[in-house]
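Just so you know, the sequence shown maps onto residues 455 to 667 in my numbering. Virtual Cβ for every residue (Gly too), placed ideally from N, Cα, C.
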Amino acid sequence: MKYELIVFDWDGTLKDSQSHIVDGLCIAAKELGVELRREDAKDIIGLSLVSAIEKLVPGISSADLERFVKIYREHFYKTLPQTNLFDGVEHMLQNLASQGYMLAVATGMSRAGLDSSMQKLGVAKYFDDTICADESVSKPAPDMLVEVIDRLGVDKSCALMIGDTEFDLEMALNAGVDSVAVCCGVHERKRLEKYPVKVILGYTPEIVEWLKQ
């Protein structure tokens, strides 16, 4: 097989968490007296939390940034039990792992957030490695993807990045890694079409059949 390692984004690619994240951002913004449109909050999903807040609230003070993060995380953990993987994702992970693919996650989430989410969903066992934005440089910089590929000892020509946002695809482009876009998450197809992806899929589990081609 051409690819040995498949690196997934988390939110919007494997996990159906868009409303969960947008609600948290809007609640935190309201507490700080900031008017935030849901569409704007949705648009930055995929960045690290700090990068997202700084983009949504330009010029935010360090004190308000710290408060925003605190309020958001309180909402995140309180409502975490209500979130789930997209249908078919766990079966896809089982299938790919059984075929011998190495699997990894590169996410804008914090380590604590990803670990809590994976523990709740019971899927950590499928992944050979994971990397989070608070351990590296936020997307769209290539750092997270390059680091996880290097740690697993795979040539980048044998790695594939799968994501639902421009940030994922730009990270892959910057890293010189092949990518696949999925339309089940945050960014619309017309935005994903701007990138030199191998294919655009409607739904992440469709990757199983595509890899057979």
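| Asked | Found |
| --- | --- |
| For valine 602, does the count of other Cβ atoms within 10 angstroms reach 16, so buried, or fall short, so exposed? | buried |
| So phenylalanine 581 and alanine 558 are in contact, right, with Cβ under 8 Å, and what is the actual spacing, rounded? | 6 Å |
| Where does the unbroken alpha helix (DSSP H) through serine 505 begin, and where does it stop? | 503-510 |
| What separation, rounded to the nearest whole angstrom, lies between the Cα atoms of glutamate 437 and arginine 527? | Residue 437 falls outside the range modelled here, since the chain spans only 455 to 667, and no answer is possible. |
| If you follow the beta strand (DSSP E) that glycine 617 is in, where does it begin and where does it stop? | 613-617 |
| Decide yes or no for the touch test of the stretch 605-623 against the stretch 459-467: beta carbon pairs closer than 8 Å, at least 3 of them. | yes |
| Could you give the uninterrupted runs of the beta strand (DSSP E) lying entirely in the stretch 560-640, keeping only those of 3 residues or more? | 583-586, 613-617 and 632-636 |
| With C-beta atoms as the reference, is methionine 546 less than 7 Å away from leucine 606? | no |
| According to DSSP, is phenylalanine 540 part of a helix, a strand, or is it coil? | coil |
| Once DSSP output is grouped into helix, strand and coil, what is the label at lysine 532? | helix |
| Whole angstroms are fine: how far does the CA of cysteine 586 sit from the CA of leucine 501? | 11 Å |
| Taking DSSP as the reference, what is the three-state secondary structure of isoleucine 676? | This structure cannot settle anything about residue 676, because the visible part of the chain is limited to 455 through 667. |
| Over what stretch of residues does the beta strand (DSSP E) that includes aspartate 654 continue unbroken? | The residue you asked about is not aspartate; residue 654 is isoleucine in the sequence shown. Taken as a continuous stretch (DSSP letters only), the beta strand (DSSP E) holding isoleucine 654 covers 653-655. |
| Report all residues from its chain with a CB closer than 8 Å to the CB of histidine 529; omit the five preceding and five following residues, and keep chain order. | Asp477, Gly478, Ile481 and Ala482 |
| Whole angstroms are fine: how far does the CA of threonine 533 sit from the CA of serine 571? | 11 Å |
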